[in-house]
Each structure stands twice: as structure tokens, then as C-alpha cells.
């Protein structure tokens, strides 16, 4: 831990800097990413403290090629969204400057609590501007807030009222709500150090860069391999890595889908909104425990029978819950049919119908999530009737689905997506175990890309042994970190990182470190830049 | 003493702060105060949209007779009480030209913009409600308000263009809070007065707008467009605050109820049935008290996941998987789901029609644009998507007609709606759907 007093001096000192070199005209904003709800919440908690409440609506997220992170580089702020940001900003600013918090959050005391004090206000705005905008304010930017606060103090007769409005202004400024990644021109565009700090911090900790990281940006340490290495190691060693990877797993596993999953409580009375929250938490806990706490092989996410459950989940998994606390570690029995994430309630229930499992939905989702193989949408003019005719001769979903195989247009995609789903037919739409359907024993076998397997454990082993799975994870982490489209990531972009990842036995920390320390991580090749500009222009 | 607020603030933010001798607030209060006395009686015309997924069954909803006095069909039966107050459009075409027919998207986007979308889940221009809002919402607190009756804020097909849709309020309580929570003052209350806080907040927003030039520096074309949307949103919020300083002219006599409680909002039909009329009532009250003039309500997404408890498949999957009954000639379960959509539309119209206003009702001073994403959902067909225009737009639209579209571009309906709303537009749409011919026979 660095000397915080030295940092404080540095933070104050930086306010006097003239306009930094990176504001020169030849530079290029290579990415402009809207803060996600969690990034916003985490940033506020880190800058002002966890007791500052963040209340209000965030704009809904959308997913592009499997990642919400990608959409943050496409979305803007709507009128209703800004209105909400504006109210949130004011509420945060009121709290930060109220009597309960100003002692801790306002570092200087005004000459009078009822009159403007430009020096104290300037110090306040320099500090919070630096933290919120993730870079030093220019002299003009600082002065603008001082002027606003002065006018507001005059009208309200309250120095802290002035600070409140100036702070509220910064909190709804595009400089806070968007992460602007600025690159310095040349043959290849290279991210300037503050943009590097933000990209690292939001990737690894899911929050705004801390003072030490910003300091490393300011001194140029982040431009050197050794300085970068030191900071990356520090970020990876921190327990806050957990928050960062939770955010990644939530996005990659599409766990936010749960927010709008409805199940038919008439057919499945065990289901409730609380169940969705529990199932999401189970998956995150398990993934974090295996990849970070145990520093395990990421591929084991597909095969482990170890998990964590609460009382809700015990009902679906049909196990005893004999535990005082909220979450209990559990190891499923070998004959449970359970095998890692793919057989958890979360994955099984998110990709199903309200009252019926769907091999196709499960297959399409898992192929995309774990193997980076999206399935094309079906042709518009298709008759699916035969699949639902349960009174006919085809009793199980498998039999009905197999009817597709006789139609060549359907077969090309369904042979791609259905096998994964069919091997999971031993689980109903809320993830409970079942072995019969409409009076007939369910066939849990599947053949995919020449490999035949059976039930959850067979599927888990298939994915575990499929090199496309860890490669897909590396691809998604890369796209997630840079806010680009998974499908547009060139394999060469993460080749060295992937090799290190494989050599380490698929350890998550090695993958992250390999990605962020690869020379191209902070570069945008000129060609790519033009292509993305063209694409944006078409948008 | 009239002082232009922006002039003062602009100077202030640029660093040449004016030292004001009078307290900052009072000069504005005085300047604005005069406007408060002015209360007119003109009733504004409002615009609403109602989105329902998965269309209707052509053989069960399209009347055989066109024009006035068409027969009430099985699926239009729920709307019979409003037959004289609405028009129905059948046989309108969505022409995708060289673009794909994005399933559950192209039809919806084409009706809302007059343009076949080039990307799934994106609009190629501003949607019709926003174009209309630009023209009619001046001076109201909200330019538009949206609600989603199955609880997903993404269920709103209103956009300034691109991937962003305006977020919908996902529950009656959140809708209520936005409309009638903090910041709302009942315009009919004697205690109404401008909130001095608002002016301070306006100054903050001005300072955000002042960052525009610097922020735009070094941005590529796509990001510039995104930031234009952001700064438009800032200006909208500023305008909204300006509106909060003036008491709205309200003719309708309505009482604002207490806040609704928490309730389940999801795809289960009984919940959608409870939530839809409640959201419609709150929307109607917002329109009546001039909090907004544009209200968008969606009962689901396109490709609706609404389900009847006990039906393991739900609406969307049923449209694809249910066989056509050889005797009936249609999909019986789908047909029943279709009727639920029309019942929900009827429940919305009922709420608008229940508020007396001037010589008629709120519905009479509205135009409600109801539409869907598909005509025959089973095969994702987009020709003949059902569209309804309810309300007479303060007498500017003749009602009671069935327009048999005969393959005309669906954009003709949107153009007709805009003209009825008093917009001066010559044409609308792009490609094969570009049109200059509104249904002038409907325009009074």
C-alpha cells in the first residue's frame, strides 16, 4: 500500500497542471462506452463511500453478439435515461455535501459556510473531477465548476449548496457517464495512460481506477512494461478481482436474462422471483470459487459437481438443506446427472419456455455462450406444428424435434444446436431432475461434431475437452475488455494470451494478465480504426 | 425584470461570472410569474401507441366489408364499444426491399418509422411517436412517457433512432412515481407554485450543455451521433424543467389517486390483465393533467412471451408450433391469444374514454395508434399486420371505418396519423414505402 498522504498531495498538486498533452488535436477517441449500472454503482461507492445511496432507474441494457459490454460502445442516453441520471446525480451530491458526510468528503473548510470560497471549492472540484472523469480537469473545466458553485452559493446562501450543484453537474456530465478512450495518433493508435488505467480498472475490478492507478497513469508508469506489470499484479492480487469477474461472468453467461424470466407457477409452483436470484447467485459463487478462490482450471466449470446452494435451490435440487447460514457448499452425488454450470438451475431455466424445457433454446444458447458458435435464425416460413403434437405418435420432445432432421433446411441448423439441448432433457424447465416425459423414458444421448455423449455429465465432459470452450472464453474476455463485437475479434489478437492461459492449466488470472499485457491490448491498428469508423457511419 | 437565464449562465460558466446584486432566484421568479396567471381552455390533442405482439388471425379479424358500417368480426368483438370511435386498417404491406425480413422486428420497425430496418433491434430513424412529440409536446413536463405491461423496460418501440429505445416504466408503481411522485404538482390545486429548486437545476443542466463542444472533439461519426442524442436528452430535460415552472392548463376534472402497491408484473396473462388497465389509467391521468402528450404502452415485446398459466408453451411458441385445425382452418389456441390482445386494447381505450374533457372525452382528443409485428406469426408474415387508429384527434380524424389496404404501403397509415395530429408533413417513409398519400378521406 502506498503512502496515502503522498497521494493526497499529488491529487491536490495535479489541479495546477496546465492542459495535458493528450488534449492535442491529432488524437482520436477510439471507444466511447456508457457506464453500466454496476460500473456506475461501484464507481460512486468507491469515490464517495458505500453509505451514499444510489437510487433510480438505469436504462435497460441490450446484448450484442453475446455481450452487454459490446452494447456500451453503441448506446447513448435517452431523455428518460438522462432525467434519471440527473436526479441520481443530485441525490448523490446532496448526500456527499450534507452535514453527515462533508467532514469526510470535503477536504477543506470554507472561510464562511455562507459565502463563496473559490479556493476551497476549487480543491473540491479538482479532486472529485479527477476521480469522476478519471483524469485531471483542465483549468477551464475546473474554473467552470468554481463559477457555478459561486453563483449557487450566492443564490442559496450556503457554501455547501454551491458544492452540491457543482458536484451534481459533474455526475451528469458525459465525462463521467461515458468512458472516453483516447488514443494518440501514429501508425497505430495507442491509448493514452488515463484511458489505460480506466480500461484496466473496469475490466479487473468493475469500477473506476483508484488513486494509485491514476497516479501511475500520471507519472507515465503505465506506459512502461514494468510499471504496467506492477499495477496489473496489484489489481489481480486484490480481493476486488472478484467483483470484476462477477461482472464478466454475469455478462458472458447472460445471467441478466433472469430479470425478465417468467415461469408458469401453475405447472411449477416451486418457482418464484427469489428462485431466479438464488440461481444467479449459485452460478456466480461457484464460478468465482473455482476460478479465483481455488485458482482452478476454468474448464472444470463444466464438470465440477461442487456448488453452493441456499434453501430455495435445495427444493429444486431435491437435497436436504441442513445449514444455519444462507449458503451451503454442496457436492452432488455422481448419479445426480449434475455437471458444472450447464446443469445448474440458472442455465437450465433461463433457456426454456415458461412451462416446458426447450432443447433448441438450451442448445442455441450454450453453443453461443460456451463455444462462440451462434446459430442462424430459422427461415421465416417454417411449419413447426409436428413438434408440438403430443397426442400424435411422437411422445417426447426428442422424437418431435428429430422430425426436423428429415427437412434439409431445418437439419443444417438443428443438428448444430439440438444435441446439447437433448442431452439436458433430463432436467425440466426450472432445472429439476426428471427421467420420464409423457410416460416414456427420456433418451439423454446426443451426438455432436462426431462425439457421442450422455446426460449432463457427458455434455460437461464434451465441453471440458473441447478446445473451443477455453478459446471462446478468451475471445469473450477480450471483447468484453475492449467493448468490441465478439464476432469481430481476430484470433491473432489474443493468441499469446491464450497460449499462456493454456500453459497455466487454464487459470483465469493468467488469462487476464496475458490479455492486458499483450502489446496490442492498448493499440488500435489503423485499419481496424477505419473499418469501425465506416461501420459506425453506416449505423 | 426579464433576464434571459441562459445568457446569464453561459457567461457564468465561461468564467466571466456576473456578480448579481439581486438574489439569483428572485429575478427569474418575477420574470416567470406573469405566465402563471394565463389559463386558457384549449384542449391539446394527444398521441398514444399500443403495441401488441404476434398480430391477429386474418380469417377471424378482417371484416369483409370496407368503409363505414363494416361487420364486427370475431377478433374485433372486444373493440365493439369503440367501433364508432376508431378505424381499422387491414391489408397494409410492409415492403422490406433489399433488407432482410427480420423476424418479429421488420414489421414493427416499418410501421413505427415507415422504413424497413437494416439491422435487427434497431430503428433506421426516429419513431412516429417521437416525431409527433417534437411537434406537440412543447411545454409539457415529459416529452413522452412509456410503460411496459409485462415488466421489461426494454418493451418500448419508441426511439430517436438506432439501438436505443426509450426505457419504459416496468410497473404501475414506477409509472406512478415518475408521473405523480416527487416533482409533480396537481395543476388543479390552489397551492400550485413553481418550485425554486427547478431553476437551480436548470443552471446545472446549462453547465452540462456547455461541455458539448469540448466533449465532441476527436469523436468519430458514430460516436458524434450518439452524443448528439445525449445532448438532445439534456435539452429535453431542460425543457421539461421549464415546463414545471408553469401551471398546465387543464380542462379535465380528475383526481390523482394514491400510489398503487407493488404487484407482480410479468408475462402471466392474469398479471398483464391487471397491469394493463392500471397503466392505461395512469397514462390517461398524465395526459389529462398535461404532464405529457405522448403515452406509449406495450403489453409485450414482438414475439410475445405472454402465457396463460397452464400452457407450457406460451403465446410465441404456440404461434409456431400449433397445427392449423383442419376443420376450423386456423390455430385455435393462437386465435384465443389474439383475442386477449384485443381485450387488452379495449381496456386501454376504456380508460381514455372514461375521462370527460370539454365536449367529449380524453379519447376524443387523442389518437391511439395500435399495431403489431406480424400478420400471420406462424410464418413471420408482415403483409396485413393489423393496425388501428382510435380516437378522433379532436375531430381531425373521421372514425368508424375499415380501410382495406389492398397491398398499399403501411406507411400510409403513419402519414395519415401525423396529418391528423396536425403535423405539416408531405410524405413519410423510405424506399418502396415512401409515400405522399395519406388517407385523406379520413381527415376532417
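Protein chains in written order, with the working numbering: chain A, 1 to 539; chain B, 540 to 983. For glycine and all other residues, C-beta sits at the position ideal for the given N, C-alpha and C. The structure presented is a predicted model; accordingly, all values stated were derived computationally and were not measured.
Where residue i falls: helix, strand or coil (DSSP)
i: residue 116 of chain A; result: coil
i: residue 982 of chain B; result: strand
i: residue 626 of chain B; result: strand
i: residue 535 of chain A; result: Unreliable placement is indicated for residue 535 of chain A, whose pLDDT of 47 sits below 50; the coordinate value is still reported in the next sentence. The answer is helix: DSSP assigns residue 535 of chain A an H, G or I state.
i: residue 577 of chain B; result: Reliability of the predicted coordinates at residue 577 of chain B is poor, the pLDDT of 31 falling under 50, and the value obtained from them is presented with this limitation in mind. Correct three-state label for residue 577 of chain B: coil.
i: residue 402 of chain A; result: helix
i: residue 942 of chain B; result: strand
i: residue 556 of chain B; result: A caution first: residue 556 of chain B carries a pLDDT of 37, below 50, which makes its placement in the model unreliable, though a value can still be read off. Residue 556 of chain B falls in the coil class under three-state DSSP.
i: residue 238 of chain A; result: coil
i: residue 709 of chain B; result: coil
i: residue 361 of chain A; result: helix
i: residue 806 of chain B; result: coil
i: residue 614 of chain B; result: coil
i: residue 420 of chain A; result: helix
i: residue 936 of chain B; result: strand
i: residue 519 of chain A; result: helix
i: residue 507 of chain A; result: coil
i: residue 701 of chain B; result: strand
i: residue 564 of chain B; result: Per-residue confidence for residue 564 of chain B stands at a pLDDT of 32, beneath the threshold of 50, marking its modelled position as unreliable; the derived number appears in the next sentence. Note: residue 564 of chain B maps to helix in three-state DSSP.
i: residue 64 of chain A; result: strand
Proximal residues to residue i (C-beta, below 6 Å), its chain only, five neighbours per side dropped
i: residue 972 of chain B; result: 634, 653, 948, 950
i: residue 340 of chain A; result: 301, 302, 303, 304, 460
i: residue 321 of chain A; result: 311, 314
i: residue 970 of chain B; result: 636
i: residue 977 of chain B; result: 954, 955, 958
i: residue 964 of chain B; result: 957
i: residue 89 of chain A; result: 168, 171, 172
Boundaries of the beta strand (DSSP E) in which residue i is found, first to last residue
i: residue 910 of chain B; result: 905-910
i: residue 178 of chain A; result: 178-184
i: residue 587 of chain B; result: 585-590
i: residue 30 of chain A; result: 28-34
Chain-ordered chain A contacts of residue i [CB-CB under 9 Å]
i: residue 970 of chain B; result: Result: empty, since nearest Cβ-Cβ is about 16 Å, beyond 9 Å.
i: residue 693 of chain B; result: 60, 61, 62, 260
Segment limits, alpha helix (DSSP H) that includes residue i
i: residue 329 of chain A; result: It is not in any alpha helix (DSSP H) - residue 329 of chain A instead sits in the beta strand (DSSP E) that spans 328-331.
i: residue 779 of chain B; result: 760-783
i: residue 345 of chain A; result: 345-350
i: residue 159 of chain A; result: 159-171
i: residue 889 of chain B; result: 871-892
Cross-chain neighbours of residue i in chain A, by beta carbon under 7 Å
i: residue 662 of chain B; result: None at all; the shortest Cβ gap to chain A is about 11 Å.
i: residue 682 of chain B; result: 79
i: residue 888 of chain B; result: None at all; the shortest Cβ gap to chain A is about 25 Å.
i: residue 703 of chain B; result: 75, 76, 78
i: residue 776 of chain B; result: 79, 82, 83, 86
Cut-off 7 Å between Cβ atoms - residues of its own chain near residue i, not counting five sequence neighbours on either side
i: residue 271 of chain A; result: 263, 265, 430
i: residue 338 of chain A; result: 305, 332, 456
i: residue 37 of chain A; result: 58
i: residue 983 of chain B; result: 934, 935, 936, 937
i: residue 696 of chain B; result: 590, 647, 651, 666, 704, 837
Close-in-space but distant-in-sequence residues of the same chain around residue i (CB under 8 Å, 5 per side omitted)
i: residue 657 of chain B; result: 638, 663
i: residue 740 of chain B; result: 780
i: residue 800 of chain B; result: 712
i: residue 684 of chain B; result: 708, 714, 717, 718, 822, 825, 830, 831, 833, 834, 835
i: residue 919 of chain B; result: 640, 642, 643, 913
Within chain A, the residues that residue i reaches when beta carbons sit closer than 8 Å
i: residue 849 of chain B; result: 264, 266, 267, 355
Partner residues on chain B for residue i, Cβ-Cβ distance less than 7 Å
i: residue 485 of chain A; result: Neighbours of residue 485 of chain A on chain B: none; closest Cβ ~13 Å, over 7 Å.
i: residue 169 of chain A; result: 743, 746, 747
i: residue 312 of chain A; result: Within 7 Å Cβ-Cβ: nothing; residue 312 of chain A doesn't reach chain B, min ~17 Å.
Under 9 Å from the C-beta of residue i: neighbouring residues of chain B
i: residue 182 of chain A; result: 757
i: residue 235 of chain A; result: None at all; the shortest Cβ gap to chain B is about 27 Å.
Minimum Cβ-Cβ distance from residue i to chain C less than 8 Å
i: residue 856 of chain B; result: In summary, chain C is missing from the structure at hand, where the protein chains are A and B.
Listed by chain order, chain B residues near residue i by CB distance under 8 Å
i: residue 28 of chain A; result: 757, 759
Contacting positions in the stretch 343-369 of chain A - beta carbon closer than 7 Å to chain B: 353, 354, 355, 356
Give, in chain order, every residue of the stretch 756-767 of chain B whose Cβ lies closer than 7 Å to some Cβ of chain A. 757, 758, 759, 760, 761, 762, 765, 766
Proximal residues, the stretch 792-809 of chain B versus chain A, C-beta separation under 9 Å: 803, 805, 806, 807
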